[in-house]
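Beneath this line is the structure, given in C-alpha cells, with notes to follow.
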Amino acid sequence: MKRFLCPYHLWSYDLDGRLRGVLREQENVVSSPDKEGLSLLPVSVDCFGGFLFLNPDPEAAPLLEYLGQEVADLLEPYHLDEMVTVLDVREALNCNWKVVMDAFEEGYHISGIHPQLLRVIMIDPANSRYKFFDEHSVSMAPFEVADAEKYGPEEQVEGILELPETFPSVQAALPRFRELVASYRDDKGELNFPEGVTARTLLQRATRETLSGMGLDLSGLTDAQMSDNHGWVLFPNFFMTVRAGEATVIKAEPHPDGDPNRCVWHIVSVMWLPEEHRGAFEAEPIEVTEPGSFKYFLALQQDYEQMPRQQAGLRNRRLESMSLVEEEVVIAHYHSVIDRYLAGASRGAGDE
Ligand SMILES: [Fe+2]
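Sequential numbering of the sequence shown, starting at 31, is according to the working numbering.
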C-alpha cells in the first residue's frame, strides 16, 4: 500500500494525508485522538483540461467556478485533456515569478527579443484581440507572415516552413501544406495564389486536414484557431499558448527558498496525437539543476535569457514605477487583479 513517508522522523501518512505510522509510538505517547489532529495539511485539488490545479486554501471555491463557465467553454473544443505531454521541464530562475508572467503577457518585446517570430506573428496592434475576465484573460495576435501583402508567395511559404523551429507541432501539417502549395505552381514552377489564398490559409487547411485525419475532433474550432495562438492567463500563475493540436503552458511559482528574486518555472508542452503514438512521444519530467544546461526551443530560450535581466532592472532603487504601452494591456489587467487581491489580503502576504 502506498503511503507518504517523512524521511526525517519516519512518520507515515495515508494518501489522503491521515497520520498512520509513528516511530516508537508507544514510547512517544501519541494517542489515537492526537493522531487525528496530526494529519498533513489539506489543500484543494481539481482537474481542468488535463491539468491538475492545486490551491493551498482548503476553503477555495471549486476550480470550475473560479475559472468560469465561459473560459471552460472557450477551451473545451481544443480537447486539451486528450493531449500528451511532450515536454516537461522545471528550472529555477533568477527573477520573481511575476516577471515570468509579464514576459508572456505581451508581444511588444517580440521585435527586440524574438526577431525570428516577426515573419509569422503580425505585429499590428489593430489586429490583436483581447478578452478580459474577472481574473483571467485571453489574447490573440494573428499567426501570419508579417506584411504578407508585401512578400511574394514564395517568401510567405518560406516563413511557414521555418515555423517548426519555434512551433514544433507545425511539422505534422507540413507534408499536406507542401502538397497544397505545389497545387498552386504553374508549368514553370512559379507560385501564384488566387485571391483569398495565402500561406496562412493553406497552413490552416493543412492543419485541419492533417489533425482531423489523425482523429482529432476539430469541429468546435475556427479556421483561425488552426494557426493562431491564443495566449491564456489563468490567474495567478498559469500562462498557456494554445492552437489546434498543441499548447504550451508556462507556470511560475515563487522559489521555495522564499527569495522574491527567484522563482521556478515549469514548462509543459502538450500535443494531440493518435492514441497509438502517444506512448512514443510522452516526455519524462526534467528537473534542470545546472543553469543553461537545458536548451529550450528558440523563443523560450530567448525569454529565459531575458528575464533575469528584467529582474535586475526592477531592483533599480530609483525606479518608482513602470510605464506600460497599449500593447501591454494584458499586463495592466493582470497587475490590477494582483492589486485587488493584495488589497483584500487580510493575512499579510509576505514579500512576494
Ligand atoms: Fe518572449
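Every residue, glycine too, gets a C-beta built ideally from N, C-alpha and C. This one's a predicted model, so the numbers in the text were calculated from it and none came from an experiment.
Identified DSSP bridge partners for L35 = In the sequence shown, the residue the question calls residue 35 occupies position 5. DSSP, once it has assigned bridges, lists S42 as partnering L35.
Within 7 angstroms, strictly: CB atoms of P107 and L251 | By 1-based counting over the sequence shown, the position of residue 107 is 77. By 1-based counting over the sequence shown, the position of residue 251 is 221. It is a contact, given that the beta carbons lie within the stated cut-off.
Quick one: measure Cβ to Cβ for A229 and G189, integer angstroms, because I've assumed they're closer than 8 angstroms.
-> Sequence index remark: in the sequence shown, residue 229 carries index 199 (1-based). Sequence index remark: in the sequence shown, residue 189 carries index 159 (1-based). The distance from the Cβ of A229 to that of G189 is about 7 angstroms, consistent with a contact at the 8 angstroms cut-off.
Kindly examine ligand 1 and report whether one of its heavy atoms sits closer than 6 angstroms to the Cβ of D132.
-> The count along the sequence shown starts at 1 and reaches residue 132 at position 102. Taken from the Cβ of D132, every heavy atom of ligand 1 lies 6 angstroms or farther away.
Are E3 and R120 closer than 7 angstroms when you measure CB to CB?
-> Nothing can be reported for residue 3: it is not among the residues displayed for the chain, which extend from 31 to 382.
State whether the stretch 268–277 contacts the stretch 245–260, with contact taken as three or more CB pairs (one from each stretch) at a distance under 8 angstroms.
-> As far as the Cβ criterion goes, the stretch 268–277 touches the stretch 245–260, which means the pair count is three or higher.
Could you spell out where the beta strand (DSSP E) holding R273 opens and where it closes?
-> Counting from one through the sequence shown, the residue named residue 273 turns up at place 243. In the DSSP assignment, R273 falls within the unbroken beta strand (DSSP E) covering 268–273.
Can we say the stretch 260–273 touches the stretch 112–119, given the rule of at least three CB pairs closer than 8 angstroms?
-> Taking 8 angstroms as the limit for Cβ pairs, the verdict is that the stretch 112–119 does not touch the stretch 260–273.
Indicate whether the contact test is met: 3 or more Cβ pairs, each with one atom in the stretch 136–148 and one in the stretch 350–367, closer than 8 angstroms.
-> Three or more Cβ pairs closer than 8 angstroms define a contact, and the stretch 136–148 meets that threshold against the stretch 350–367.
Apply the 10 Å Cβ neighbour rule to E350 and answer buried if 16 or more other Cβ atoms are within range, or exposed otherwise.
-> As a first step, residue 350 must be located in the sequence shown, where it is residue number 320. Under this definition E350 is an exposed residue.
Does the Cβ of D253 lie closer than 6 angstroms to at least one heavy atom of ligand 1?
-> Here the question's residue 253 lines up with position 223 in the sequence shown. Every heavy atom of ligand 1 is 6 angstroms or more from the Cβ of D253, so no.
For S213, which of helix, strand or coil comes out of DSSP?
-> In the sequence shown, counting from the first residue as 1, residue 213 sits at position 183. It is coil, neither helix nor strand.
Whole angstroms is fine: what's the gap from T319's alpha carbon to A122's?
-> Taking the sequence shown and counting its residues from 1, one reaches residue 319 at position 289. Taking the sequence shown and counting its residues from 1, one reaches residue 122 at position 92. Computed Cα separation, rounded: 8 angstroms.
List the endpoints of the continuous beta strand (DSSP E) containing D76.
-> In the sequence shown, counting from the first residue as 1, residue 76 sits at position 46. Counting along the chain, the beta strand (DSSP E) containing D76 begins and ends at 74–78.
Report yes if the C-beta distance between E195 and L328 is below 7 angstroms; otherwise report no.
-> Within the sequence shown, numbered from 1, the residue matching residue 195 stands at position 165. Within the sequence shown, numbered from 1, the residue matching residue 328 stands at position 298. Yes. Within cutoff.
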